[in-house]
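Note sheet for the following structure.
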């Protein structure tokens, strides 16, 4: 059964949100979905770049009230 | 900056080795764990604000999440009179500059 988890990295700056996400990704199982919350504009571009480089799936990337919600599914 | 590059590159799958020498090494000696490096220029004030990950944490993440190798310069260890066991993170063996450069010959070297 795949899980969904929220990774709250609001109010941290680059590369805080990315490192936070990566540490959760390490512990997640294949198929799990993580939703990263970030207030850092740079990370909104950088995190999807990392996701594509490493080969996971970017599910969505939305900005809602100054917070980016980046959903990613662990592929491998 | 070195800690940021190391952690992001290592966590993105690049093979990373970090060679600590000169003024950098003293900040990773266990008994200096609260020692704060001098701020570098105007940006140094900005980067000290809450929310920017501390460099020691980033190097630790580089090693833990991305298998980065942390290496201490043997000359700097000698001058500080410490061994890799006296350093706060998981360090590899004491390494000379010649050895490091020869191991890193086929990679990219980023110097800070």
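Residue numbers (this note's numbering), protein chains in the order written: chain D, 1 to 76; chain F, 77 to 188.
Glycine is no exception: its CB is placed at the ideal position from the N, C-alpha and C atoms.
Checklist entry - Can you tell me whether DSSP reads residue 86(F) as helix, strand or coil? => result Numbered from its first residue, the second chain carries residue 86(F) at position 10. DSSP places residue 86(F) in helix when its eight states are reduced to three.
Checklist entry - Which of helix, strand or coil does DSSP assign to residue 8(D)? => result Residue 8(D) sits at position 8 when you count from the first residue of the first chain. In this structure, residue 8(D) counts as strand in the three-state DSSP scheme.
Next on the checklist: For a test of the three-state rule: what should DSSP assign to residue 39(D), helix, strand or coil?
Outcome noted: To locate residue 39(D), count along the first chain from 1; it is residue 39. The answer is coil: DSSP assigns residue 39(D) none of H, G, I, E or B.
Checklist entry - Does the Cβ of residue 84(F) have 16 or more other Cβ atoms within 10 Å, making it buried, or fewer, making it exposed? => result Counting from one through the second chain, the residue named residue 84(F) turns up at place 8. Classification for residue 84(F): buried.
Next on the checklist: With a threshold of 9 Å between beta carbons, is residue 68(D) in contact with chain F?
Outcome noted: Position 68 of the first chain, counted from the start, is the residue given in the question as residue 68(D). No, its Cβ sits nowhere closer than 9 Å to a Cβ of chain F.
Checklist entry - How would you list, in chain order, the residues of chain F whose beta-carbon sits under 8 Å from the beta-carbon of residue 18(D)? => result Here residue 18(D) is taken as the residue at index 18 of the first chain, counted from 1. Under the 8 Å cutoff, chain F gives 84 and 87.
Item to check | Cut-off 6 Å between Cβ atoms - residues of its own chain near residue 87(F), not counting five sequence neighbours on either side | outcome: By 1-based counting over the second chain, the position of residue 87(F) is 11. Cβ neighbours of residue 87(F) beyond the five flanking positions: 141 and 142.
Next on the checklist: Between which residues of its own chain and residue 136(F) is the CB-CB distance below 8 Å, once the five residues before and five after are set aside?
Outcome noted: Along the second chain, one-based indexing puts residue 136(F) at 60. Taken in chain order, the residues that qualify are 165.
Next on the checklist: Looking at chain D, is there any beta carbon in it that lies within less than 9 Å of the beta carbon of residue 127(F)?
Outcome noted: Residue 127(F) sits at position 51 when you count from the first residue of the second chain. Yes, contact with chain D.
Next on the checklist: So residue 141(F) contacts chain D; which residues on that side make the cut at Cβ distance below 8 Å?
Outcome noted: As a first step, residue 141(F) is located in the second chain; it is residue number 65 there, counting from the start. Correct list: 19, 22, 23 and 26.
Next on the checklist: I'd like to know whether the C-beta of residue 54(D) is nearer than 9 Å to at least one C-beta of chain F.
Outcome noted: Taking the first chain and counting its residues from 1, the one referred to as residue 54(D) is at position 54. Chain F, which has a Cβ nearer than 9 Å to the Cβ of residue 54(D), makes this yes.
Checklist entry - Is the number of C-beta pairs between the stretch 181 to 188 of chain F and the stretch 120 to 132 of chain F that are closer than 8 Å three or more? => result no
Checklist entry - Between 11(D), 74(D) and 6(D), which lies nearest to residue 50(D) when the distance is taken from Cα to Cα? => result Counted from its first residue, the first chain places residue 50(D) at position 50. Checking every option, the nearest Cα to that of residue 50(D) belongs to 74(D).
Item to check | Any C-beta of chain F under 9 Å from that of residue 11(D) | outcome: Reading the first chain from its first residue, position 11 is the one you call residue 11(D). Closer than 9 Å: yes.
Checklist entry - Going along the chain, which residues of its own chain have a beta-carbon closer than 6 Å to the beta-carbon of residue 70(D), five neighbours each way excluded? => result The residue given as residue 70(D) occupies position 70 in the first chain. So the list reads 36, 47 and 61, once near-sequence residues are dropped.
Item to check | Endpoints, the beta strand (DSSP E) within which residue 95(F) is located | outcome: Numbered from its first residue, the second chain carries residue 95(F) at position 19. Where residue 95(F) is concerned, the enclosing beta strand (DSSP E) starts and stops at 93 to 96.
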